[in-house]
Amino acid sequence: MRFIALDTPKPLSKIGLGTWQFGSREWGYGREFEQQAAQIVRRAVELGVTVFDSAEIYGFGRSERILGAALGDDRPKMVIASKILPVLPVAAVVQQRAVASAARLGVTSIDLYQVHSPNPLVADHTTMRGMRVLQDVGLVGEVGVSNYGLRRWQVAEAALGRRVLSNQVRYSMLDRAPEQDLLPYAREAGRVVIAYSPLAQGFLSGRYDAKNPPSGAVRRANPYFLPENLERGAVLIDTLRQVADAHDATPSQIALAYLLRHPNVLAIPGASGVEQMERNAAAADIDLADDEYAALVEAAKRFRPVTGLAAMPAMVRARFASPTGK
Numbered sequence: 014m015r016f017i018a019l020d021t022p023k024p025l026s027k028i029g030l031g032t033w034q035f036g037s038r039e040w041g042y043g044r045e046f047e048q049q050a051a052q053i054v055r056r057a058v059e060l061g062v063t064v065f066d067s068a069e070i071y072g073f074g075r076s077e078r079i080l081g082a083a084l085g086d087d088r089p090k091m092v093i094a095s096k097i098l099p100v101l102p103v104a105a106v107v108q109q110r111a112v113a114s115a116a117r118l119g120v121t122s123i124d125l126y127q128v129h130s131p132n133p134l135v136a137d138h139t140t141m142r143g144m145r146v147l148q149d150v151g152l153v154g155e156v157g158v159s160n161y162g163l164r165r166w167q168v169a170e171a172a173l174g175r176r177v178l179s180n181q182v183r184y185s186m187l188d189r190a191p192e193q194d195l196l197p198y199a200r201e202a203g204r205v206v207i208a209y210s211p212l213a214q215g216f217l218s219g220r221y222d223a224k225n226p227p228s229g230a231v232r233r234a235n236p237y238f239l240p241e242n243l244e245r246g247a248v249l250i251d252t253l254r255q256v257a258d259a260h261d262a263t264p265s266q267i268a269l270a271y272l273l274r275h276p277n278v279l280a281i282p283g284a285s286g287v288e289q290m291e292r293n294a295a296a297a298d299i300d301l302a303d304d305e306y307a308a309l310v311e312a313a314k315r316f317r318p319v320t321g322l323a324a325m326p327a328m329v330r331a332r333f334a335s336p337t338g339k
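Below, the structure is given as structure tokens:
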């Protein structure tokens, strides 16, 4: 496992584990997945993963409970991250919700406490006032944000009066906007971009195509998985496979290696089983050659998915279709 070279109390592994699917039925994994989740966490610890990310909204608190129980005695050694849903995120509410998350996680201090998304009506100065109190009393280690643009990230940091260590954003080969400003800033300022959905919810795994679309509410609500977009992505998937063959790897591992090439990026893919967790962790050790990286960049640029309003009619049809398409 490789780590981000920053002065943090605990090392930040380049690959972490995202736990949205823990206790969340919308992923379609079934109730038995709760036992598998514990096995995934234990294997991640064995593989050197130190960062585990949850949120109070994931499974309405069940994700935090499952994660905390699975980590057990290893909790003090891990970087446990959670997020506050920013509904009225004024100082007092931020403090109350942090106490609740810490209790569910079974910890006395949350290593990284993040604002899940910016609130358009509540300014960051009141949210960060609550965060600052939490840091002062030791209930929170580092503060982070999520889904923030660069300007608001910097405003939040000014309001906190201390570093806002990380910004957790959607970042993958399909969603490359963070490369424009967030990644350069993170490298210059000694901050971290945490990439969620780094495999575009499995699009980049090569498991799906127009004849084999995914099931599960989350993926079926994602326009990337429309049949037309799966067809358009064939060239990108082929490129991933070619590079993967050269490294005896999988397309998913190469898609992760693409992100991890940036020194201040930490990716938090989820995992549906122990083997997937093992593959994700192994991606941290893949070094892409310059020409391989350039080929991936070019293939990603050429992918033009149907999104936004243009995708709505097909999304509506997909929403009301059965998982088998009948």
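The numbering used here applies: residue 14 is where the sequence shown begins, and numbers increase by one.
Just so it is clear, CB atoms sit at the ideal spot from N, CA and C, and this is done for glycine as well.
Predicted model only: the values in this text are computed from it and were never measured.
CA-to-CA distance, residue j to residue i, given in whole angstroms
i, j, result
"residue 117", "residue 153", "14 angstroms"
"residue 244", "residue 212", "17 angstroms"
"residue 194", "residue 269", "20 angstroms"
"residue 112", "residue 85", "19 angstroms"
"residue 263", "residue 34", "22 angstroms"
"residue 256", "residue 267", "7 angstroms"
"residue 239", "residue 216", "11 angstroms"
"residue 183", "residue 127", "15 angstroms"
"residue 348", "residue 260", "For residue 348 there is no data in the structure shown, the boundaries of the chain being 14 and 339."
"residue 207", "residue 271", "14 angstroms"
"residue 53", "residue 77", "14 angstroms"
"residue 91", "residue 188", "28 angstroms"
"residue 17", "residue 299", "15 angstroms"
"residue 178", "residue 105", "22 angstroms"
"residue 192", "residue 137", "24 angstroms"
"residue 185", "residue 210", "7 angstroms"
"residue 410", "residue 303", "Because the chain here runs from 14 to 339, residue 410 falls outside it and cannot be looked at."
"residue 147", "residue 71", "22 angstroms"
"residue 24", "residue 57", "15 angstroms"
"residue 286", "residue 236", "25 angstroms"
"residue 103", "residue 249", "44 angstroms"
"residue 258", "residue 301", "12 angstroms"
"residue 318", "residue 107", "38 angstroms"
"residue 149", "residue 175", "12 angstroms"
Beta-ladder partner(s) of residue i, from DSSP
i, result
"residue 16", "26"
"residue 179", "157, 205"
"residue 126", "95, 156"
"residue 101", "Answer is none; residue 101 lacks a bridge partner."
"residue 279", "207"
"residue 66", "31, 94"
Buried or exposed (CB count within 10 angstroms, at least 16 for buried), residue i
i, result
"residue 151", "exposed"
"residue 181", "buried"
"residue 109", "exposed"
"residue 158", "buried"
"residue 169", "buried"
"residue 288", "exposed"
"residue 2", "Outside the displayed span of the chain (14 to 339) sits residue 2, for which this structure offers no information."
"residue 22", "exposed"
"residue 315", "exposed"
"residue 89", "exposed"
"residue 307", "exposed"
"residue 247", "exposed"
"residue 164", "exposed"
"residue 115", "buried"
"residue 305", "buried"
"residue 69", "buried"
Residues of its chain near residue i, where Cβ-Cβ distance is below 7 angstroms and the 5 sequence neighbours each way are ignored
i, result
"residue 173", "141, 144, 145, 156"
"residue 197", "none"
"residue 265", "212, 217, 218, 292"
"residue 284", "30, 53, 290, 293"
"residue 167", "none"
Contacting residues, own chain, Cβ-Cβ under 8 angstroms from residue i (five flanking each side not counted)
i, result
"residue 93", "65, 67, 80, 81, 84, 118, 120, 123, 124, 125"
Spatial neighbours of residue i in its chain, beta-carbon cut-off 6 angstroms, leaving aside the 5 residues before and after
i, result
"residue 14", "26, 61, 297"
"residue 51", "83"
"residue 32", "67, 76, 80"
Point to revise | Three or more C-beta pairs below 8 angstroms linking the segment 18-30 and the segment 283-300 | key: yes
Review point. Does the segment 131-150 come close enough to the segment 93-106 to have 3 or more Cβ pairs within less than 8 angstroms?
Key: yes
Review point. Below 8 angstroms, can you find three or more Cβ-Cβ pairs linking the segment 203-212 to the segment 272-283?
Key: yes
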